[in-house]
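Chains as they are written, first to last, in our numbering: chain F, 769 to 936; chain A, 769 to 936.
Where a beta carbon is used, it is the ideal one built from N, C-alpha and C, also for glycine.
The structure appears below as structure tokens.
2 protein chains.
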Amino acid sequence: MKLLEAKQQFISSWGAFGTHWGINRTMAQIHALLLISPDPLTQDDIMEDLNISRGNTNMNIRELINWGLVERVILPGERKEYFTAEKDIWKVVKQIVKERKKRELEPMMQLLDKLEDVEGDKKDKKVKTFVDTVSSIKRLGLQADKTLDVMIKAEENWFVNNLMKIFK
Amino acid sequence: MKLLEAKQQFISSWGAFGTHWGINRTMAQIHALLLISPDPLTQDDIMEDLNISRGNTNMNIRELINWGLVERVILPGERKEYFTAEKDIWKVVKQIVKERKKRELEPMMQLLDKLEDVEGDKKDKKVKTFVDTVSSIKRLGLQADKTLDVMIKAEENWFVNNLMKIFK
DNA sequence: ATATATTTTCAATATTTTTTGAAAATTCGA
DNA sequence: TCGAATTTTCAAAAAATATTGAAAATATAT
Chain F
769 MKLLEAKQQF ISSWGAFGTH WGINRTMAQI HALLLISPDP LTQDDIMEDL NISRGNTNMN
829 IRELINWGLV ERVILPGERK EYFTAEKDIW KVVKQIVKER KKRELEPMMQ LLDKLEDVEG
889 DKKDKKVKTF VDTVSSIKRL GLQADKTLDV MIKAEENWFV NNLMKIFK
Chain A
769 MKLLEAKQQF ISSWGAFGTH WGINRTMAQI HALLLISPDP LTQDDIMEDL NISRGNTNMN
829 IRELINWGLV ERVILPGERK EYFTAEKDIW KVVKQIVKER KKRELEPMMQ LLDKLEDVEG
889 DKKDKKVKTF VDTVSSIKRL GLQADKTLDV MIKAEENWFV NNLMKIFK
């Protein structure tokens, strides 16, 4: 397979992959393109390569920057802004985990805390099932939260090595 | 907070949560409703409770059954079908992990295998960056795949205990 | 076998999400 | 400070996704 075809397949399937994870297709595609680009790219490069509008490109780059996956690069003597993606995949994964934890897990935990002390008779089957469900989700969520915290701080090798030990 | 309000908040935020994970809102809401229902429910119960149409209810229940999160229950002497969700959250998580691994991770790994042997000169910076990116994603993916396999087979306590050991 | 209850399908519709592109704002060199 | 280059915004349009509801199919009791 030629590089050009491989590149297109990679970008396209990374985009499709993203949609299964609540990330929009274009954002994932821009990320994919930057991941495999040896040098930083301009908005125009990205627009041209992916065939998307300026506005779309701009908004999604900004979003990638918010996620901490892409950063602006200023090249001396150049007027345009350049963009580049973190290439270390382990760092990328950690960054995504960190953001999703903050954006999703933590608010969910807060809600569950409130829902757990619903009024009502615990002998009422409905109340009991509700509280039990909420509590068990909370318990697993707390565990996940702690685990992810440590993972975020870990080095890839340390993490993988330890997993290997357990999960043999 | 009263049970009714708590219930509504739980269902609604479970639905919103789902959309961040590529699951449609209604499917997640039906799942939430069944999770907190002590007894199995009929399609009509669900339609009425969530205020959605028969078709929508039916399609999403079927999808939940495909995911292995809900099952049909036949009550003796009853004409209608009843539905119930697995209440053990650890089992639910494992089931979701199992399905997503099959639906997303495995196809992605297959693609990466193909893309890794792209033609071209490894000294070409473009080729090198592409191959390096693909390889490192593949490496991490393989590790995740193995880890998830063991997790799927694990008991909650065993899993949690082991994590505690590492992540102290 | 028939009538009735129940489930399933799917074309049409509604809603949500994404994308566009042109105008406004900003940046920066001269 | 001015003017061109560049980036950002956002209302309108397009595309994608979800929902409805009625008709068709299926299941069940008698």
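Considering only DSSP beta bridges, list what phenylalanine 898 of chain A is partnered with. Partner(s): none; phenylalanine 898 of chain A has no beta bridge.
Roughly how many whole angstroms lie between the Cα atoms of glutamine 776 of chain F and glutamine 863 of chain F? Taking the straight line from one Cα to the other gives about 25 Å.
Leaving out the 5 sequence neighbours to the left and right, which residues in its chain are closer than 7 Å to isoleucine 804 of chain A when beta-carbon positions are compared? Within its own chain, the residues whose Cβ lies closer than 7 Å to the Cβ of isoleucine 804 of chain A, once the five positions on either side in sequence are excluded, are Lys775, Phe778, listed in chain order.
Pick from F:Pro875, F:Ala922, F:Lys882: whose alpha carbon is nearest that of glutamate 773 of chain A? Of F:Pro875, F:Ala922, F:Lys882, the smallest CA-CA separation from glutamate 773 of chain A is found for F:Lys882.
Name the chain F residues that come within less than 8 Å of valine 957 of chain A, Cβ to Cβ? The question about residue 957 of chain A has no answer here: the residues shown for chain A are numbered 769 through 936.
For isoleucine 791 of chain F, which option in F:Ile857, F:Leu843, F:Asn828, F:Asn819 has the closest C-alpha, if you only look at C-alpha atoms? Closest option to isoleucine 791 of chain F, Cα to Cα, is F:Asn828.
Run through the DSSP bridge pairs and tell me what threonine 852 of chain F is partnered with. Answer is F:Glu839, bridged to threonine 852 of chain F.
Please report whether the beta-carbon of proline 808 of chain F lies at a distance below 8 Å from any beta-carbon of chain A. Judged by the 8 Å Cβ criterion, proline 808 of chain F is not in contact with chain A.
For aspartate 856 of chain A, which option in A:Asp913, A:Leu837, A:Trp782 has the closest C-alpha, if you only look at C-alpha atoms? By alpha-carbon distance to aspartate 856 of chain A, the top candidate from A:Asp913, A:Leu837, A:Trp782 is A:Leu837.
For chain F, check one thing: does any of its Cβ atoms lie closer than 8 Å to the Cβ of valine 861 of chain A? Chain F contact via Cβ: present.
List the residues of chain A whose Cβ lies closer than 9 Å to the Cβ of lysine 951 of chain F, in chain order. Beyond the ends of chain F as shown, which are 769 and 936, falls residue 951 of chain F; an answer cannot be given.
Distance CB(leucine 908 of chain A)-CB(tryptophan 858 of chain F) smaller than 8 Å: Judged by beta-carbon spacing, tryptophan 858 of chain F lies within the 8 Å limit of leucine 908 of chain A, meaning their Cβ atoms are closer than that value.
Check the Cβ-Cβ distances between valine 886 of chain A and every residue of chain F, and say whether any is below 8 Å. Yes, its Cβ sits closer than 8 Å to a Cβ of chain F.
Just grab the DSSP bridge partners of leucine 809 of chain A for me. A:Phe851.
Using a Cβ cut-off of 8 Å (strictly closer), state whether lysine 855 of chain A contacts chain F. Interface criterion met: the Cβ of lysine 855 of chain A is under 8 Å from a Cβ in chain F.
What separation, rounded to the nearest whole angstrom, lies between the Cα atoms of aspartate 900 of chain A and leucine 873 of chain A? Rounded to the nearest angstrom, the two C-alpha atoms are 19 Å apart.
Would you list, in chain order, the members of the segment 778 to 801 of chain F that have their beta-carbon closer than 7 Å to a beta-carbon of chain A? Within the segment 778 to 801 of chain F, the residues whose Cβ lies closer than 7 Å to some Cβ of chain A are Phe778, Ser781, Phe785, Thr787, His788, Trp789, Gly790, listed in chain order.
Figure out for me which residue from F:Ala800, F:Leu879, F:Glu849 has the closest Cα to the Cα of lysine 906 of chain F. For the residues F:Ala800, F:Leu879, F:Glu849, the minimum Cα distance to lysine 906 of chain F belongs to F:Leu879.
Do leucine 771 of chain A and valine 895 of chain F have their CB atoms nearer than 8 Å? Result yes, Cβ atoms of leucine 771 of chain A and valine 895 of chain F sit closer than 8 Å.
Name the residue from A:Ser903, A:Lys893, A:Lys914, A:Gln911 whose alpha carbon lies nearest to the alpha carbon of proline 808 of chain F. Out of A:Ser903, A:Lys893, A:Lys914, A:Gln911, the CA that lies nearest to the CA of proline 808 of chain F is found in A:Lys893.
Could you confirm whether any beta carbon from chain A is found closer than 8 Å to the beta carbon of tryptophan 835 of chain F? Cβ-Cβ to chain A under 8 Å: no for tryptophan 835 of chain F.
Can you tell me whether DSSP reads histidine 788 of chain F as helix, strand or coil? Note: histidine 788 of chain F maps to coil in three-state DSSP.
Tell me which residue opens and which closes the alpha helix (DSSP H) that glutamate 884 of chain A is part of. 874 to 884 is the extent of the alpha helix (DSSP H) around glutamate 884 of chain A.
Coarse secondary structure for asparagine 824 of chain F, derived from DSSP in three states: Helix, per DSSP.
Separation of methionine 769 of chain F from aspartate 885 of chain A, as counted between CA atoms: If you draw a straight line from the Cα of aspartate 885 of chain A to the Cα of methionine 769 of chain F, it comes to about 8 Å.
Smallest Cα separation from phenylalanine 785 of chain F: which of A:Arg793, A:Pro806, A:Arg868, A:Lys848? The residue among A:Arg793, A:Pro806, A:Arg868, A:Lys848 with its C-alpha nearest the C-alpha of phenylalanine 785 of chain F is A:Arg868.
Are the beta-carbon atoms belonging to leucine 801 of chain A and aspartate 812 of chain A less than 8 Å from one another? In this structure, aspartate 812 of chain A does not lie closer than 8 Å to leucine 801 of chain A by Cβ.
Exposed or buried, which one is isoleucine 833 of chain A when buried takes at least 16 other CB atoms within 10 Å? Isoleucine 833 of chain A should be labelled exposed.
Indicate whether valine 860 of chain A and isoleucine 920 of chain A have their beta-carbon atoms separated by less than 8 Å. Cβ atoms of valine 860 of chain A and isoleucine 920 of chain A: not closer than 8 Å.
Report buried or exposed for glycine 783 of chain A, applying the criterion of at least 16 other Cβ atoms within 10 angstroms of its Cβ. Taking a 10 Å sphere around the C-beta of glycine 783 of chain A, we find 16 or more other C-beta atoms and assign the residue as buried.
Between which residues of its own chain and tryptophan 787 of chain F is the CB-CB distance below 8 Å, once the five residues before and five after are set aside? For the record, residue 787 of chain F in the displayed sequence is threonine; it is not tryptophan. Here the set comprises Arg793, Ala796.
Any C-beta of chain F sitting closer than 8 Å to the C-beta of valine 841 of chain A? By this cut-off, valine 841 of chain A is not an interface position.
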